[in-house]
Structures are given as C-alpha cells and as structure tokens.
Amino acid sequence: MVLRVDAKIVIVGCGISGVAAAHRLVNAGFQHVRILEATARSGGRIKTGRLGDNIIEIGANWIHGPSEGNPVFRLARQYGLLDPEALTPENQTIDVGGHLPWVPSILTSSGQKLNTEDIYPAVEMFNELLNEGANFHSQGGEPWASVGDFIRSEVQKRAAEKWKDVDAATKSLRQCVISNMLKMECCFNGSHSMDEVGLGAFGLYESLPGLDCTFPGGYEGLIKNLLSELPSGLVTYSRPIRCVNWNNTEKRGNPVMIECDAGEKISADHVIVTVPLGYLKKHHSALFHPPLPLHKLHSIQRLGFGTNNKIFVEFDSPWWDAACEIIYLLWEDEDVMLDQVPDVQRPWIRKLFGFTVVKPTERYGHILCGWIAGHESEYMETLSEQEVTHSVTQLIRRFTGNPTITPRRILRSQWFHDPWTCGSYSYCGKGCSFQDLENMMEPLPTKGSQAQPLQVLFAGEATHPCYYSTVHGALLTGWREADRLISHYSSISPSEPPKSKL
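Residues in the sequence shown are numbered from 595 upward in steps of one, following the numbering used here.
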C-alpha cells in the first residue's frame, strides 16, 4: 500500500543523504518532493574524476564494511556496480575493526627501506591504545581530554617499561612510527591533530564487518542509479539557498519558506537540510530564521569538521613492489610524536603520512594516492599544481634515494576551499558526547512546541550517531528523515526499513 501525500517537501542538497530521502519519499507516494542543489552536479562529497584515462575518486573512496548491514553495499550489489570478489561471503565476513590489513612498504627520510618487523612493536602498541581509547565512552570519565594526549602520555609510560632493553636508536625509530600513525589517524578522522579528537566520544564510531571495497566504474554510479529512479525535473541545480524561514505563524500558507540566492521563494510544509557540517558551522546564523536553538548550536560548535585531501600521482612505471598496497613515510627526526607541522607553509608536505597504491594495476595503471589532513592540507590547496608536483617529487626522491623518479601528472582534491563543503567530514571533538549527535538529528520545532511539527529536518553524515563520516551513515540519515515524515503522515511502515540502529 502506497500513501498519496500532497505535503510539499523541499530537500536542500543533492548528496547521497538528500537523494536517499527523496527516493524513499517518492516511493512512499509523496507527490511534491523537490531537491535544491547549490552546485551544477549531484553527489556532494561523492565525486568521481579522471587522471588521464583512469577513473579516480576525488571524494568518498571506499564502501567501509561491505556487508549485509551496509545499505550502500546492498544498493551497489543491486545495481551491479561491484567487482565479483567484493560480493563473496569471505569478503563480507572479514572483520578488520576499521583498520585495513594492507601489505606495507616502509621508507625513511634517509632513503632506507625498513622491514615490517622493525615497526611492528610500535604499530601494535598504537593500535592497542586506539582500542583502549575507544572504550572510555562506555566507562564514563576519561583520563585525558583528547585521543592525542592519551596516546602520547601512554606511549611514554609503556615504552619506558616494554622497550627498556631496546637501544636508543630503535626506541627513537619506534616513536617516529607513532608520529606517522598519528598523522594517518588524522586522515581517518578528518582532523588537524588527534589533540582535537575527544577521547570520551572516540568510541561512539562503529565499524561494520567486510573488507573495504571500491566501485570499478566510480562511486558516482551509485548516485546516478538512484537519480534515474526519480521523476525527471525533481532536482534543481545551481540553486543555492539564502535562508530557511521556519515557524511561519501566518494562518494560511505553509510553515516554511525557503529563499534562494536567485530571489526565488519556495513555500513548503517540510524542509530536509542535508548540508555538510562544515557549511553549517560557517553559515548557520544566516541560514535559519528564527535562529537554531542554543543546544543545537552548541553541538554544531563542539562537533569537529576537518579536511582530509588526496594527492593522486601517476608514474610511467612503478618504483614500488608489486604486492605493496601502502607506503609509509617515516621522518627520522619526529621521535617527539608529532602529528602537526609547527610552521605549516614550508614543511607542509611532512604531514602526508604516505601513499596507498591504487589497485588493480591492470585497470588503473601506476597511480599512488597520497593522504594529508589538517591545516597543512588546507594550505596545500592554495598552491599551484606545479608547486605541489615539485614538493611530492622531492619527497619521493628523498625517501626512495632515487633522484630520477618523476611523476607523469598529479591531481589533488581541494575540499576545504570548496564553498559548499568547507572541509571533508565530521568527527567528535573535545567535550563531545552522544547527546551532541542526538541534538544534530533533532527536527524543528523541538518537542513540546505548539507549532506544526517536523518543519525542519536534518540529515547528512554528521547527524548519524555511530556511522558519522561515512557514506552509509549519510544514506541512513536520509532514509531516517524520510521515514520520520512517512510515519507522521501514516501509521504504515515503509516497505523496506533501513537495517540500522535508528
């Protein structure tokens, strides 16, 4: 049974959460659904590009945890967008706890190549501490305010005990490994430093089983398939909005009025706002009239939203081993366990923790993807392509000891300076709690108000209580807000509720 509902619903943003919400509402029988998208394209932070003849992901890269509990995986399988190996039961049951079992190559700033055994004790200690850090949210009360503070202090303590028989050079190297792991963790979290990631809320993030996989034809294929099932003309592109006027008290007319930059005014019964947290942090005061309630504003401020950029580097031939999947770059003077560069501009390249190898080679050729987070990453965006190429070339030559290696071409992402995202994705900052994520997803007006309910709803990855920063988290929130409206208009459950904890 399908509802026939005449309520006017406007969705702000044509990323995965906006598309997912529209898809579910239209399928449930809502007649007047419209998406307003500020840019000329759909997908938001899902953005597939090209480097030469090769498909690359400028935005979202993997399906994190491709298993039955992941709606992105189920849709990708339904649309036939995945390689056969990603669909095997073995691939779906591997539980890596959010850390990929990549085959590493470890290079140092003096041009040495290390064995995995050389760095293993430090990696083991680091992962042990990350797991311990993730448990504080359930225990109540944390010994340090941030993950960075906790890891650094515990490494000092445990190294003195566990590595007391180790010579000074080995101990120093292991501490350099910790610096590198902290930089890598900044990329995972999308933070400038792990000192900005709250220890108490660190464990709220949950990973799904399954070995992360990619889309051979590009992540945007998922968006295209979902949009193809919506009525044509449902999305209006290049239509930024200026203000969401809600709680309209006029007796007649709709309670929400959306003002667009172009001057158009659109009245609606409900608006689902799916803009990134970075945009919300910067523009909330102009975006909502009346302003957002204080508790919601405080949560927007407490939650973190940082930048994680990629630098794709193509070569004529590989200089790394055929089996290699990740290359770690260890600076031998970073035994003070740093994850940020003191003077961002000159040595910004030091923040790049390493490269992942874009595989399979038969499909992509010889491409590495460098990962860099934080203010150094934001500074990198301001440089010319020539300057970035020069820095990356010098870096690789130094770490390989080979002065002749020359990239064919590079391409980098620039998420911080994208005016509609202002960064990459969210994390729980210092002082964050589960309540902040609850506040993020709370619709307006808040409970207890006499006004018409569900005027402004909120979706997007930063509004998911345990899958924030992921595509599946974003998609589930789009479904969640659509379901909120469906159940508001009817007691009929949607035909296929999302398999989530919400």
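Quick reminder that beta carbons are idealized off the backbone N, C-alpha and C, glycines included.
From Ile905, Asn903, Val850, Arg836, residue whose alpha carbon lies closest to that of leucine 878: Sequence inspection shows histidine at residue 878; the leucine mentioned does not correspond to that position. It is Arg836.
Decide yes or no for the touch test of the stretch 759-774 against the stretch 819-828: beta carbon pairs closer than 8 Å, at least 3 of them. Of all C-beta pairs linking the stretch 759-774 to the stretch 819-828, fewer than three are shorter than 8 Å, placing the two stretches out of contact.
Spatial neighbours of threonine 987 in its chain, beta-carbon cut-off 8 Å, leaving aside the 5 residues before and after: Here threonine 987 has Ile999, Thr1000, Pro1001 as same chain residues with Cβ atoms under 8 Å from its own Cβ, once five neighbours each way along the sequence are excluded.
Just reading off the beta strand (DSSP E) that tryptophan 1073 is part of, what are its end residues? Counting along the chain, tryptophan 1073 sits inside no beta strand (DSSP E); it lies in the alpha helix (DSSP H) bounded by residues 1065-1083.
Here's a check: name, in chain order, each residue in its chain whose Cβ is nearer than 7 Å to the Cβ of serine 1084, leaving out the five neighbours to either side. When the five nearest sequence neighbours on each side are left out, the beta carbons in the same chain lying within less than 7 Å of the beta carbon of serine 1084 are those of Leu597, in order along the chain.
Is the beta carbon of asparagine 783 closer than 8 Å to that of valine 791? Taking a C-beta distance under 8 Å as the contact criterion, valine 791 and asparagine 783 qualify as a contact pair.
Please return the same chain residues whose Cβ sits closer than 7 Å to the Cβ of valine 599, not counting the five positions on each side in sequence. Listed in chain order, the non-local C-beta contacts of valine 599 below 7 Å within the same chain comprise Gly623, Phe624, Gln625, Tyr1083, local neighbours out to five positions each way being set aside.
Glycine 1054: first and last residue of the uninterrupted alpha helix (DSSP H) it sits in: Unbroken run through glycine 1054: none, as it is neither H nor E.
For the structure I just gave you, are there three or more beta carbon pairs, one from the stretch 945-952 and one from the stretch 889-902, closer than 8 Å? By the C-beta criterion, the stretch 945-952 is judged not to be in contact with the stretch 889-902, since fewer than 3 inter-stretch pairs fall below 8 Å.
Quick check on leucine 776: buried or exposed, where buried means 16 or more other Cβ atoms within 10 Å of its Cβ? Answer is buried; the Cβ neighbour count reaches 16.
Beta-carbon within less than 6 Å of aspartate 929's beta-carbon, same chain only, minus the 5 sequence neighbours each way: which residues are those? If we look at aspartate 929 and ignore the five residues flanking it on each side, its Cβ neighbours are Ser766, Gln769, Cys770.
Using CA coordinates, which residue listed in Asn664, His960, Ile700, Ser911 is at the minimum distance from threonine 1097? The question about residue 1097 has no answer, for the chain in this structure spans 595 to 1096.
If the criterion is Cβ atoms closer than 8 Å, does the pair tryptophan 840 and valine 1050 meet it? Cβ atoms of tryptophan 840 and valine 1050: closer than 8 Å.
What is the rounded straight-line gap between the Cα of isoleucine 713 and the Cα of threonine 1040? Straight-line measurement puts the Cα of threonine 1040 at about 52 Å from the Cα of isoleucine 713.
Cβ contact check for the stretch 972-982 and the stretch 722-729: 3 or more pairs under 8 Å: They do not touch, by the three-pair rule.
With a CB to CB cut of under 7 Å and the five nearest residues on each side skipped, what residues in its chain are close to serine 740? Same-chain partners within the cutoff: Met788, Asp789, Glu790, Val791, Gly792, Leu793, Lys1024.
Using 8 Å as the cut-off, can you tell me whether the stretch 956-967 makes contact with the stretch 879-890, which would need three or more C-beta pairs spanning the two stretches below that distance? They do not touch, by the three-pair rule.
Reference histidine 969, options Ser801, Lys945, His1058, closest by Cα: Nearest C-alpha to histidine 969 among Ser801, Lys945, His1058: Lys945.
Quick one: what's histidine 626 bridged to in DSSP? DSSP lists Lys602 as the bridge partner or partners of histidine 626.
When DSSP labels each residue in this structure, what does proline 678 get in the three-state scheme? In this structure, DSSP gives proline 678 a helical state, which the three-state scheme calls helix.
Less than 8 Å between the beta carbons of serine 971 and asparagine 902, yes or no? For serine 971 and asparagine 902, yes; Cβs fall inside 8 Å.
Rounded to whole angstroms, what is the Cα-Cα separation between cysteine 854 and leucine 881? Rounded to whole angstroms, cysteine 854 and leucine 881 show a C-alpha spacing of 11 Å.
Anticipated Cβ contact below 8 Å, proline 660 with cysteine 807, distance rounded: Going by Cβ atoms, the distance from proline 660 to cysteine 807 rounds to 5 Å, so yes, they are a contact pair.
Spell out a yes or no on whether the stretch 1004-1012 and the stretch 906-920 are touching, meaning 3 or more CB-CB pairs, one atom from each, closer than 8 Å. Pairwise C-beta distances place the stretch 1004-1012 in contact with the stretch 906-920, as three or more of them are shorter than 8 Å.
My output table needs one value for alanine 967: the three-state DSSP class, helix, strand or coil. Here alanine 967 sits in strand by DSSP.
Would you grab the beta carbon distance between isoleucine 860 and isoleucine 852 for me? Rounded to a whole angstrom, and I think it's under 8 Å. Their Cβ separation, rounded to whole angstroms, is 5 Å, which keeps isoleucine 860 and isoleucine 852 in contact under 8 Å.
Burial state of aspartate 927, where buried means 16 or more other Cβ atoms lie within 10 Å: Under this definition aspartate 927 is an exposed residue.
Whole-angstrom distance between phenylalanine 1052 and histidine 883, CA atom to CA atom: Annotation: histidine 883 to phenylalanine 1052 spans about 15 Å, alpha carbon to alpha carbon.
Locate the alpha helix (DSSP H) running through asparagine 842, then write down its first and last residues. Taken as a continuous stretch (DSSP letters only), asparagine 842 belongs to no alpha helix (DSSP H), as it is neither H nor E.
Three-state secondary structure (DSSP) at alanine 917? DSSP places alanine 917 in coil when its eight states are reduced to three.
Would you mind reading off the limits of the beta strand (DSSP E) that contains cysteine 854? Counting along the chain, the beta strand (DSSP E) containing cysteine 854 begins and ends at 850-854.
I need the straight-line Cα distance from methionine 931 to serine 747, nearest angstrom please. Rounded to whole angstroms, the separation of the alpha carbons of serine 747 and methionine 931 is 10 Å.
Which residues bound the beta strand (DSSP E) around glycine 948? Unbroken beta strand (DSSP E) run through glycine 948: 948-951.
Among all the DSSP beta bridges, which residues are the ones paired with phenylalanine 906? Answer is Cys963, Leu1005.
Report all residues from its chain with a CB closer than 6 Å to the CB of methionine 572; omit the five preceding and five following residues, and keep chain order. Within the shown structure, residues of the chain are numbered from 595 to 1096, placing residue 572 beyond reach of any answer.
Skipping 5 residues on each side, what residues in its chain have a beta carbon closer than 8 Å to that of serine 911? Only His960 meet the Cβ criterion.
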